[in-house]
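Residues 1 to 393 (the working numbering) make up the sequence shown, in order.
For glycine and all other residues, C-beta sits at the position ideal for the given N, C-alpha and C.
Model, not experiment: these values are computed from the prediction.
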Amino acid sequence: MKQRYKLLCTLLALTVSLSAQSTLDQVLASVQANNKTLQAEQSRIEASKAFFQTGLSLPDPSLSFDWLRGFPSSAGNQADLTAAQAFDFPTAYKYRREVAGLKTGQTVYESESVRKDILLEAKLTALRLVFLNKRKVELTGRLAGAERFLANYQRKMEQGDATIFDLNKSRLQLLNIQTDLQLLETAIAENLQKLTELNGGNLVVFTDTVYPPAPGLPDFETLERTIEESDPVLKYLQTQQQIGQTEVKLTKAMLLPKFEAGYRYQGILGQQFHGVHAGVSVPLWGNKKRLNYSALQVQVYDARIEEHRTEHYHEIKRLYEQYESLRQRSDAYRSNLQLVSGGALLEKALQAGEMTVLEYFLETSLYYESVDRWLELEAAWQRIGAELFSFTL
Numbered sequence: 001m002k003q004r005y006k007l008l009c010t011l012l013a014l015t016v017s018l019s020a021q022s023t024l025d026q027v028l029a030s031v032q033a034n035n036k037t038l039q040a041e042q043s044r045i046e047a048s049k050a051f052f053q054t055g056l057s058l059p060d061p062s063l064s065f066d067w068l069r070g071f072p073s074s075a076g077n078q079a080d081l082t083a084a085q086a087f088d089f090p091t092a093y094k095y096r097r098e099v100a101g102l103k104t105g106q107t108v109y110e111s112e113s114v115r116k117d118i119l120l121e122a123k124l125t126a127l128r129l130v131f132l133n134k135r136k137v138e139l140t141g142r143l144a145g146a147e148r149f150l151a152n153y154q155r156k157m158e159q160g161d162a163t164i165f166d167l168n169k170s171r172l173q174l175l176n177i178q179t180d181l182q183l184l185e186t187a188i189a190e191n192l193q194k195l196t197e198l199n200g201g202n203l204v205v206f207t208d209t210v211y212p213p214a215p216g217l218p219d220f221e222t223l224e225r226t227i228e229e230s231d232p233v234l235k236y237l238q239t240q241q242q243i244g245q246t247e248v249k250l251t252k253a254m255l256l257p258k259f260e261a262g263y264r265y266q267g268i269l270g271q272q273f274h275g276v277h278a279g280v281s282v283p284l285w286g287n288k289k290r291l292n293y294s295a296l297q298v299q300v301y302d303a304r305i306e307e308h309r310t311e312h313y314h315e316i317k318r319l320y321e322q323y324e325s326l327r328q329r330s331d332a333y334r335s336n337l338q339l340v341s342g343g344a345l346l347e348k349a350l351q352a353g354e355m356t357v358l359e360y361f362l363e364t365s366l367y368y369e370s371v372d373r374w375l376e377l378e379a380a381w382q383r384i385g386a387e388l389f390s391f392t393l
């Protein structure tokens, strides 16, 4: 009981930490409402419910009539009428209904898995856009600095205070930044198009440059149990296991006799006979191997559950370790970047004659590379976090 309470508290805490409204939350809500695949899934669930209800009622009754003419004519004519209803052993209908209910629930779990996958894809795309938007802000600042630097050295060149080599370095730096910005704009457009597709074709405008708050990381065992309890794939497989066990019972019920009951009329030589029609069918050969097959299928389902649990456990462990490692590295990078000189300070040092143009470009390139590396680390950390906490979607 205490363990279940602890799991519940962990899930609630994670949910609360992710529940703050943001543009990302609005995008995910819009995708859930507009995505064509999710809309089709709702129709598929309803169709599956209707389909699984078929075959649960009794088969159609039968009506047969025979008229026999006698020879010689003195033998008279004979008429036979039979109205009958066939039915399986009663427990078969009970197990059929149980199987139908389980298969309906299984369809819901399958649909839930599809929903989570689509929302995770949308979230990963949105997080990628946050990274691209942050990088765009960074490159825009670099572009302004490079343009200012080039204009300054063009004036110095005209005054004879700079060499053509310094001017060419400035032009190359500006060209590289402009090229990076063009490639970045293309990547932003591609990811916005992907979000629009996931949003059912409705245009998405996403300009966030701030990641959503990162949830607190509980201990691994608690998080792993919480994820397992909400895993729709595991629930799907467990339901499949229950279906297999119920189908074994159904198969045993189908090995019991089948019955037929109804009304019988016979008319012959002016005499009429009314009575009851009854019949029994003993399934000696029809289901001979079916019970063995159903029992073996249950073993297959058991193995699939264990296989999924093992794979899922190690996948969660991998994400957990990567999440913590990337968080620490990202924080360390950010802290170190705050201690070093940025582009503006380097430019001031150059203007003050504290470094040469070559030293300026080397220092600037190193600083820009470090900032880019930090942005990539932060993006990787956010991506792993989205996958690890995808059970909250």
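For this session: Pull up the CB-CB distance for E363 and L375, whole angstroms please, since I reckon it's below 8 Å.
Result: As a working note, residue 363 is residue 363 in the sequence shown. As a working note, residue 375 is residue 375 in the sequence shown. Not really, about 19 Å apart at Cβ, beyond 8 Å.
Exercise. Can N292 and S30 be called in contact, C-beta distance under 9 Å?
Worked result: Locating residue 292 in the sequence shown gives position 292, where the first residue counts as 1. Locating residue 30 in the sequence shown gives position 30, where the first residue counts as 1. Against a cut-off of 9 Å, the Cβ pair of S30 and N292 comes out as no contact.
Exercise. In chain order, what residues of the same chain have a beta carbon less than 8 Å from the beta carbon of F391, not counting five sequence neighbours either side?
Worked result: Locating residue 391 in the sequence shown gives position 391, counting from the first residue. Cβ within range, chain order: K116, T226, I227, S230 and D231.
For this session: Out of L102, R373 and E121, state which residue places its alpha-carbon closest to the alpha-carbon of R394.
Result: No answer is possible for residue 394: the residues shown for the chain start at 1 and end at 393.
Exercise. On the three-state DSSP scale, how would you describe A162?
Worked result: Here residue 162 refers to the residue found at position 162 when the sequence shown is read from its first residue. Shown here, A162 sits in coil according to DSSP, grouped into three states, outside any helix or strand.
Problem set entry | Between the CA atoms of A33 and G398 - distance to the nearest angstrom | In the structure as shown, the chain starts at 1 and stops at 393, and residue 398 therefore has no counterpart that could be examined.
Problem set entry | Simplified DSSP assignment, three categories, for W381 | Here residue 381 corresponds to residue number 381 of the sequence shown, with the count starting at 1. If DSSP states are grouped into helix, strand and coil, W381 belongs with the helices.
Exercise. Just curious, the alpha helix (DSSP H) that Q299 is in, first and last residue?
Worked result: As a first step, residue 299 must be located in the sequence shown, where it is residue number 299. Looking at the DSSP string, the run of the alpha helix (DSSP H) that includes Q299 is R290 to L337.
For this session: Would you kindly work out how many angstroms separate the C-alpha atoms of N77 and L63, rounded to a whole number?
Result: As a position in the sequence shown, residue 77 is number 77, starting the count at 1. As a position in the sequence shown, residue 63 is number 63, starting the count at 1. Distance between the alpha carbons of N77 and L63: 20 Å.
For this session: Grab the span of the beta strand (DSSP E) containing L63 for me, first residue to last.
Result: As a position in the sequence shown, residue 63 is number 63, starting the count at 1. Unbroken beta strand (DSSP E) run through L63: S62 to L68.
For this session: Starting from the Cα of Q267, find the closest Cα among T82, A332, N168 and V137 and give me that residue.
Result: Start at 1 with the first residue of the sequence shown, and residue 267 comes out as number 267. The identity of residue 267 in the sequence shown is Gly, whereas the question assumes Gln. The candidate whose alpha carbon is nearest that of G267 is T82.
Exercise. Should F52 be labelled buried (16 or more other beta-carbon atoms within 10 Å of its own) or exposed?
Worked result: Your numbering for residue 52 matches position 52 in the sequence shown. It is buried - the Cβ of F52 has at least 16 other Cβ atoms within 10 Å.
Problem set entry | V233 to V114 span [Cα, whole Å] | In the sequence shown, counting from the first residue as 1, residue 233 sits at position 233. In the sequence shown, counting from the first residue as 1, residue 114 sits at position 114. Each residue's Cα considered, the two are about 10 Å apart.
Exercise. How do the stretch 163-180 and the stretch 238-257 stand: do at least 3 beta-carbon pairs fall below 8 Å, yes or no?
Worked result: no
Problem set entry | Length at least 3, wholly inside the stretch 130-191: the beta strand (DSSP E) runs in chain order | none
For this session: Entirely within the stretch 36-120 and at least 4 residues each: give me those alpha helix (DSSP H) ranges in chain order.
Result: Fully enclosed alpha helix (DSSP H) runs of no fewer than 4 residues occupy 36-52 of the stretch 36-120, in order along the chain.
For this session: Pull up the distance between the alpha-carbon of D161 and that of F149, whole angstroms please.
Result: For the purposes of this step, residue 161 is taken as the residue at position 161 of the sequence shown. For the purposes of this step, residue 149 is taken as the residue at position 149 of the sequence shown. Going from the Cα of D161 to the Cα of F149 covers about 14 Å.
For this session: Identify whether E363 lies in helix, strand or coil by the three-state DSSP scheme.
Result: Taking the sequence shown and counting its residues from 1, one reaches residue 363 at position 363. Three-state result, E363: helix.
Problem set entry | Nearest-angstrom Cα separation, counted from E247 out to Y95 | For the purposes of this step, residue 95 is taken as residue 95 along the sequence shown, with counting starting at 1. For the purposes of this step, residue 247 is taken as residue 247 along the sequence shown, with counting starting at 1. For Y95 and E247, the gap between their C-alpha atoms comes out near 7 Å.
Exercise. Leaving out the 5 sequence neighbours to the left and right, which residues in its chain are closer than 7 Å to A126 when beta-carbon positions are compared?
Worked result: In the sequence shown, residue 126 corresponds to position 126, counting from 1. Excluding residues within five positions, the ones whose Cβ falls inside 7 Å are L24, V27, L195 and F206.
Exercise. For the putative contact between F131 and A295, defined by C-beta atoms under 8 Å, what is the C-beta separation to the nearest angstrom?
Worked result: By 1-based counting over the sequence shown, the position of residue 131 is 131. By 1-based counting over the sequence shown, the position of residue 295 is 295. F131 to A295, Cβ: 53 Å. No contact.
Problem set entry | According to DSSP, residues forming a beta bridge with S281 | Position 281 of the sequence shown, counted from the first residue, corresponds to residue 281. S281 pairs with K258.
Problem set entry | C-alpha distance - R128 paired with E369, whole-angstrom precision | Your numbering for residue 128 matches position 128 in the sequence shown. Your numbering for residue 369 matches position 369 in the sequence shown. Distance between the alpha carbons of R128 and E369: 19 Å.
Problem set entry | G216 (DSSP reduced to helix, strand or coil) | As a first step, residue 216 must be located in the sequence shown, where it is residue number 216. In this structure, G216 counts as coil in the three-state DSSP scheme.
For this session: Out of E224, M254, L143 and F87, point me to the one whose CA is closest to K289's CA.
Result: The residue you call residue 289 lines up with position 289 of the sequence shown. The candidate whose alpha carbon is nearest that of K289 is M254.
Exercise. Are the beta-carbon atoms belonging to A303 and A84 less than 9 Å from one another?
Worked result: In the sequence shown, counting from the first residue as 1, residue 303 sits at position 303. In the sequence shown, counting from the first residue as 1, residue 84 sits at position 84. Taking 9 Å as the Cβ cut-off, A303 and A84 do not qualify as a contacting pair.
Problem set entry | Beta-carbon proximity list for H274, same chain, < 7 Å, skipping 5 on both sides | In the sequence shown, counting from the first residue as 1, residue 274 sits at position 274. The answer, listed in chain order, is Y265.
For this session: Would you mind stating whether T91 and K249 have Cβ atoms separated by less than 9 Å?
Result: Position 91 of the sequence shown holds residue 91. Position 249 of the sequence shown holds residue 249. Yes, these two residues count as a Cβ contact at 9 Å.
For this session: State the start and end residues of the unbroken alpha helix (DSSP H) segment that holds P231.
Result: By 1-based counting over the sequence shown, the position of residue 231 is 231. Here residue 231 is Asp; the residue named in the question, Pro, does not match the sequence. Premise fails: D231 is in no alpha helix (DSSP H) and is neither H nor E.
For this session: May I have the straight-line CA-CA distance separating L192 from M157, to the nearest angstrom?
Result: Residue mapping note: residue 192 aligns to position 192 of the sequence shown, counting from 1. Residue mapping note: residue 157 aligns to position 157 of the sequence shown, counting from 1. Going by the C-alpha atoms only, they are around 43 Å apart.
For this session: Let me know the secondary structure DSSP gives Q21 once reduced to three states.
Result: As a first step, residue 21 is located in the sequence shown; it is residue number 21 there, counting from the start. At Q21 the pLDDT is 38, less than 50, meaning the model places this residue with poor confidence; the figure from the coordinates comes in the next sentence. Reduced to three states, the DSSP call for Q21 is coil.
Problem set entry | Under 9 Å between C-beta atoms of V280 and P257 | Taking the first residue of the sequence shown as position 1, residue 280 is located at position 280. Taking the first residue of the sequence shown as position 1, residue 257 is located at position 257. It is a contact, given that the beta carbons lie within the stated cut-off.
For this session: Can you give me the Cβ contacts of Y323 inside the same chain, cut-off strictly under 6 Å, excluding the 5 residues immediately before and after it?
Result: One-based indexing of the sequence shown puts residue 323 at position 323. Only I384, G385 and L388 meet the Cβ criterion.
Exercise. Is the distance from the Cβ of H308 to the Cβ of L393 below 9 Å?
Worked result: Working through the sequence shown from its first residue, we reach residue 308 at position 308. Working through the sequence shown from its first residue, we reach residue 393 at position 393. No, they are not a contact pair.
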